[in-house]
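One structure is given below, encoded as structure tokens.
In my numbering, the protein residues as written are 1 to 513.
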């Protein structure tokens with residue numbers, strides 16, 4: 001095997017290594033054109049290897065066709081690759097297709113009609129030596145040279161624009177991309193001048209080496225170059241609002257989610273003071289902290305847990321990362337569970353356990369302040385008859401209606417509960433005998449006048465009430481007052497129902513409404 005073939009074989013091996021490298025990078029956003037670029041350089045290098053080993057004009061023709069598949073598409077993929085790496089990608093498939101049209105056209109022409117005279121006016125095959133094929137160039141050949149030169153010039157321009165006024169590391173990358181493009185352009189120009197014979201092995205080697213260098217450069221510099229892309233993928237696609245503040249409360253970064261819930265952030269420039277978010281706990285730079293906040297958006301209340309994390313460098317806080325995790329659903333679930341825990345599901349009044357806990361607390365305050373108070377127990381008269389006559393569903397409707405009536409008439413300071421079955425219990429702090437009696441009288445009158453509609457017809461109900469007024473000497477706990485109210489209710493029931501009885505420490509003083 002001739003030494004030239006051995007060298008070109010080595011170039012093919014390197015090109016194969018570039019293909020393997022490109023395949024490992026195929027899923028990276030900035031390397032989407034690196035695989036076709038590596039493929040084009042490998043095809044060109046392999047085509048020249050075939051030309052060196054050709055033993056006839058037909059073999060040389062085949063080799064030339066293979067070379068043209070690579071050399072025509074290489075400048076396009078190189079330009080697209082440089083655009084991606086410079087954060088100026090071309091995403092429109094139409095534009096990419098237009099860029100590839102001339103290359104594909106030239107490749108097909110070289111493959112199908114190499115002897116047409118349009119690409120090569122003549123091909124002279126000679127045995128031996130390094131130059132296997134002498135080319136007399138045609139008009140389409142020059143069209144391709146001009147097109148490739150334009151794309152490589154644009155690649156140099158893109159590299160220069162992206163790395164203008166950058167760091168030393170960026171300038172190094174600029175030299176890699178710009179320098180590689182310049183070498184390609186220069187070799188293209190020199191190779192195109194009539195009368196100058198440039199060994200094909202040099203051109204194929206240049207293409208392969210440049211592809212390898214670009215691949216290695218991309219791998220080494222990828223973390224920093226991917227920062228804007230990673231931010232868009234991670235930060236902008238977060239479902240949580242995200243804000244970065246400096247130590248003075250100035251805005252450093254914010255995602256679109258945060259701007260949606262805090263629209264005024266859209267009008268702030270980096271460094272502008274952030275106010276009105278109400279997300280920062282006290283001493284935010286003292287460590288990891290969080291607080292819950294409510295934000296109104298589109299007429300709805302959204303709950304967030306705002307977590308503030310200081311970012312430190314060499315032991316000193318340099319900025320603050322605020323992430324707002326939405327907990328609206330958890331809040332709503334918690335509120336529903338709380339409602340179920342403290343309220344009766346049918347009447348929406350307090351349940352017995354919650355009433356006893358809250359009334360005991362309030363009664364202690366009333367007793368300590370020596371304020372008047374009243375406990376009222378109410379019972380639906382002949383409620384069993386309602387269930388037996390009109391059904392339990394109608395009975396539930398009666399209970400629900402009475403619960404709503406009580407909620408409508410009590411004060412905000414009063415406590416009202418479904419004590420059990422058809423019994424209701426009220427604790428009325430700062431209430432004297434006259435006020436308690438008038439409340440009960442109005443309630444009994446409202447109940448007496450209401451008509452319930454059932455399938456079997458209309459019916460009415462009545463209720464009885466027993467009232468106990470606070471007596472510090474007699475009532476040491478809320479249970480003592482409830483016991484006396486129960487006794488008064490018993491008196492009302494025994495005396496004909498639909499009436500009110502007020503219990504005193506001496507005897508039961510009856511007042512009939």
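Even for Gly, the Cβ is constructed at its ideal location relative to N, Cα and C.
This structure is a prediction, so every number in the text was calculated from the model and none was measured.
When you compare the CB positions of residue i and residue j, do they come within less than 8 Å of one another, or not?
| i | j | result |
| --- | --- | --- |
| residue 469 | residue 359 | no |
| residue 42 | residue 66 | no |
| residue 102 | residue 157 | no |
| residue 442 | residue 467 | no |
| residue 79 | residue 35 | no |
| residue 320 | residue 334 | no |
| residue 515 | residue 423 | Since the displayed the chain opens at 1 and closes at 513, residue 515 lies outside it and no answer follows. |
| residue 11 | residue 205 | yes |
| residue 417 | residue 444 | no |
| residue 381 | residue 462 | yes |
| residue 559 | residue 140 | The first residue shown for the chain is 1 and the last is 513, placing residue 559 beyond what the model contains. |
| residue 371 | residue 322 | no |
| residue 74 | residue 207 | yes |
| residue 44 | residue 7 | no |
| residue 489 | residue 415 | no |
| residue 394 | residue 454 | yes |
Quick check on DSSP: helix, strand or coil for residue i?
| i | result |
| --- | --- |
| residue 238 | coil |
| residue 371 | coil |
| residue 583 | Because the chain here runs from 1 to 513, residue 583 falls outside it and cannot be looked at. |
| residue 453 | strand |
| residue 284 | Here residue 284 scores only 48 on pLDDT, less than 50, and its place in the model should not be relied on; the value that follows carries that caveat. Three-state result, residue 284: helix. |
| residue 432 | coil |
| residue 248 | coil |
| residue 477 | coil |
| residue 462 | coil |
| residue 44 | helix |
| residue 25 | coil |
| residue 300 | strand |
| residue 77 | helix |
| residue 310 | strand |
| residue 382 | coil |
| residue 66 | helix |
| residue 273 | strand |
| residue 412 | coil |
| residue 420 | strand |
Decide if residue i is buried, meaning its Cβ has at least 16 other Cβ atoms within 10 Å, or exposed.
| i | result |
| --- | --- |
| residue 509 | Residue confidence is low: residue 509 scores 45 on pLDDT, short of 50, so the model does not pin down where it sits. No coordinate-derived value is stated. |
| residue 24 | exposed |
| residue 255 | buried |
| residue 18 | buried |
| residue 390 | buried |
| residue 273 | exposed |
| residue 13 | exposed |
| residue 51 | buried |
| residue 516 | No answer is possible for residue 516: it lies beyond the span of the chain, which begins at 1 and ends at 513. |
| residue 91 | exposed |
| residue 225 | Model confidence at residue 225 stands at a pLDDT of 49, short of 50, so the residue's coordinates are unreliable; what they give is reported in the following sentence. Result: buried. |
| residue 365 | exposed |
| residue 478 | buried |
| residue 337 | exposed |
| residue 315 | exposed |
| residue 22 | buried |
| residue 403 | buried |
| residue 210 | buried |
To which residues of the same chain is residue i closer than 6 Å at the C-beta, ignoring the five residues directly before and after it?
| i | result |
| --- | --- |
| residue 195 | Confidence at residue 195 is low in this model, with a pLDDT of 43, below 50, so its placement is unreliable and the value that follows should be read with caution. Excluding residues within five positions, none has a Cβ falling inside 6 Å. |
| residue 303 | 294, 327, 328 and 331 |
| residue 241 | 257, 258, 261 and 324 |
| residue 253 | 244 |
| residue 354 | 342 |
Quick one: what's got a C-beta closer than 7 Å to residue i's C-beta in the same chain, skipping five residues either side?
| i | result |
| --- | --- |
| residue 367 | 472 |
| residue 433 | 469 and 502 |
| residue 400 | 346 and 347 |
Who are the near neighbours of residue i in its chain, counting only those whose CB is closer than 8 Å to its CB and skipping five residues on each side?
| i | result |
| --- | --- |
| residue 317 | 247, 285, 310 and 311 |
| residue 165 | A caution first: residue 165 carries a pLDDT of 49, below 50, which makes its placement in the model too unreliable to give a value. |
| residue 297 | 260 and 261 |
| residue 420 | 352 |
task: Starting from the N-terminal side, write out each stretch of the alpha helix (DSSP H) that is 4 residues or longer and does not extend beyond the stretch 316–353.
output: Inside the stretch 316–353, DSSP marks whole alpha helix (DSSP H) runs of 4 or more residues at positions 328–342, from first to last along the chain.
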